[in-house]
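Residue numbers (the working numbering): 111 to 383. The beta-carbon is built from N, C-alpha and C at its ideal position, and this holds for glycine as well. Heads up: the structure comes next, in structure tokens.
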């Protein structure tokens with residue numbers, strides 16, 4: 111793995127960095143094609159929204175792009191960009207002089223599931239709490255860490271519910287279901303992360319002939335859905351089945367026109383460079 115800290119190769123972080131002490135910062139996980147981040151404008155916009163919400167000065171965009179290019183390591187790679195408030199004294203109070211820390215990590219070739227592989231989705235008992243920074247990808251991900259620890263040996267992902275028992279997200283991806291010919295995804299105004307692939311799908315689904323909506327999705331609706339899909343920077347958009355459920359299409363049924371349209375839209379998203 112290649113690591114840059116404030117543009118310099120190395121992995122030494124000041125122990126007093128507030129990102130380490132308090133999770134005081136934001137991050138982005140990006141897919142790189144030939145050193146260029148896919149859907150960069152969406153990643154950069156979300157990073158800036160998170161920094162604005164925390165009151166952290168944003169870095170220069172070109173510095174971030176240069177860092178990502180330097181850590182790519184292979185033609186198709188996954189990278190992470192982190193921005194923290196930087197070092198500070200003991201205590202939660204924000205220091206008068208803020209010196210943000212910028213970290214880029216990468217180098218591993220991108221590994222994605224085979225196109226035909228249907229992800230196995232378990233249901234986690236860890237619930238998501240209401241966030242003061244809804245939709246943003248801040249560094250405090252302990253709910254996700256606890257939920258990831260619950261994965262069974264046969265799981266590819268874990269569905270997380272909010273306090274009301276509605277689907278919020280998966281441990282590392284956004285969730286979509288197909289219901290009555292409509293593509294539905296949980297709202298991110300109180301819980302979860304506004305994923306870059308999620309945003310792309312909300313914007314482009316109508317062009318593919320699909321009705322797409324944000325909605326409150328109970329576990330029962332997810333269980334009864336015609337199709338379940340997961341999206342993130344690594345996998346793009348992939349079909350999923352709840353652990354223990356049977357694939358009706360593979361069992362001899364026919365894929366509906368809406369299911370075929372979602373699959374085609376996912377193939378377009380997954381091919382972005």
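Round the Cβ separation of residue 133 and residue 250 to the nearest angstrom and send it over; I've been treating them as touching at under 8 Å. At roughly 4 Å, the Cβ-Cβ gap stays under 8 Å, so residue 133 and residue 250 are in contact.
Less than 8 Å between the C-beta atoms of residue 229 and residue 267, yes or no? Taking the C-beta atoms as reference points, residue 267 is found nearer than 8 Å to residue 229.
Quick check on the burial criterion: 16 or more other C-beta atoms within 10 angstroms. Buried or exposed for residue 341? Buried, because 16 or more other Cβ atoms sit within 10 Å of the Cβ of residue 341.
Which same chain residues end up closer than 8 Å to residue 271 when comparing Cβ atoms and leaving out the 5 residues on each side of it in sequence? Excluding the 5 residues flanking it on each side, residue 271 has same chain C-beta neighbours closer than 8 Å at 233, 234, 237, 238, 277, 278 and 329, in chain order.
Go to residue 177, then tell me how far its alpha helix (DSSP H) extends in each direction, as first and last residue. From DSSP, the alpha helix (DSSP H) with residue 177 extends over 171-181.
Best match in 298, 374, 144 and 188 for proximity to residue 319 [C-alpha to C-alpha]: Measuring C-alpha to C-alpha distances from residue 319 to each of 298, 374, 144 and 188 identifies 374 as the nearest.
How many whole angstroms separate the CB atoms of residue 339 and residue 372, which I take to be in contact at a CB cut-off of 8 Å? Indeed, because the Cβ distance is near 6 Å, the residues count as touching under 8 Å.
Any idea what DSSP makes of residue 372, helix, strand or coil? Residue state, collapsed to three classes: helix.
Exposed or buried, what is residue 393 when buried is set at 16 or more other beta-carbons lying within 10 Å of its beta-carbon? Absent from the structure is residue 393, since the part of the chain shown begins at 111 and ends at 383.
Please state the DSSP three-state secondary structure of residue 335. Under the three-state reduction of DSSP output, residue 335 falls in the coil class, being neither helix nor strand.
Just to confirm, is the Cβ distance from residue 207 to residue 300 under 8 Å? Not a contact, by the Cβ cut-off of 8 Å.
Count the other CB atoms, across all protein chains shown, that sit within 10 Å of the CB of residue 287; report buried if there are 16 or more and exposed otherwise. Burial call: buried.
Residue 149 and residue 312 - do their beta-carbons sit closer together than 8 Å? Judged by beta-carbon spacing, residue 149 lies beyond the 8 Å limit of residue 312, meaning their Cβ atoms are not closer than that value.
Could you pull out every residue in the same chain whose Cβ sits closer than 8 Å to the Cβ of residue 243, ignoring the five residues on either side in sequence? Cβ within range, chain order: 160, 163 and 164.
Use the C-beta contact count for residue 308: other C-beta atoms within 10 angstroms, 16 or more gives buried, fewer gives exposed. Residue 308 should be labelled buried.
Give the DSSP bridge partners of residue 252, in chain order. Residue 252 is bridged by DSSP to nothing; it lacks a bridge partner.
Going by DSSP in three states, residue 241 sits in which element: helix, strand or coil? Coil.
Terminal residues of the alpha helix (DSSP H) in which residue 151 lies: It spans 150-164 - the alpha helix (DSSP H) in which residue 151 sits, taken as one unbroken run.
When DSSP labels each residue in this structure, what does residue 286 get in the three-state scheme? The answer is strand: DSSP assigns residue 286 an E or B state.
Just the C-alpha distance for residue 177 and residue 114, rounded to the nearest angstrom, thanks. Answer to the nearest angstrom: the Cα atoms are 7 Å apart.
List the whole-angstrom C-beta distance separating residue 214 from residue 111, where the pair is believed to meet the contact cut-off of C-beta under 8 Å. For a cut-off of 8 Å, the C-beta gap from residue 214 to residue 111 is around 11 Å, too long to register as a contact.
Can you find a heavy atom of the ligand ADP that lies under 7 Å from the Cβ of residue 346? Inclusion of the ligand ADP in the displayed structure is not the case, the ligand content being empty and no account of it being possible.
Residue 282 classed as buried or exposed, judged by whether at least 16 other C-beta atoms fall within 10 angstroms: Residue environment analysis places residue 282 among the buried positions, since at least 16 neighbouring C-beta atoms fall within 10 angstroms of its C-beta.
Which whole-angstrom value describes the C-beta separation of residue 216 and residue 263, a residue pair presumed to lie in contact below a C-beta threshold of 8 Å? A Cβ-Cβ distance of about 29 Å is found for the pair residue 216 and residue 263, leaving them out of contact under the 8 Å criterion.
Which residues in the same chain have their Cβ closer than 7 Å to the Cβ of residue 304, if we skip the five residues on either side of it in sequence? The beta carbon of residue 304 is closer than 7 Å to those of 156, 245 and 298 in its chain, skipping five residues each way along the sequence.
Note down, in chain order, each residue of its chain lying with its Cβ closer than 7 Å to the Cβ of residue 137, except the 5 sequence neighbours on either side. Same-chain partners within the cutoff: 190, 191, 192, 247 and 249.
Please name the residue, chosen from 195, 122 and 205, that lies closest to residue 168 on a Cα-to-Cα basis. With respect to the C-alpha of residue 168, the residue from 195, 122 and 205 having the closest C-alpha is 195.
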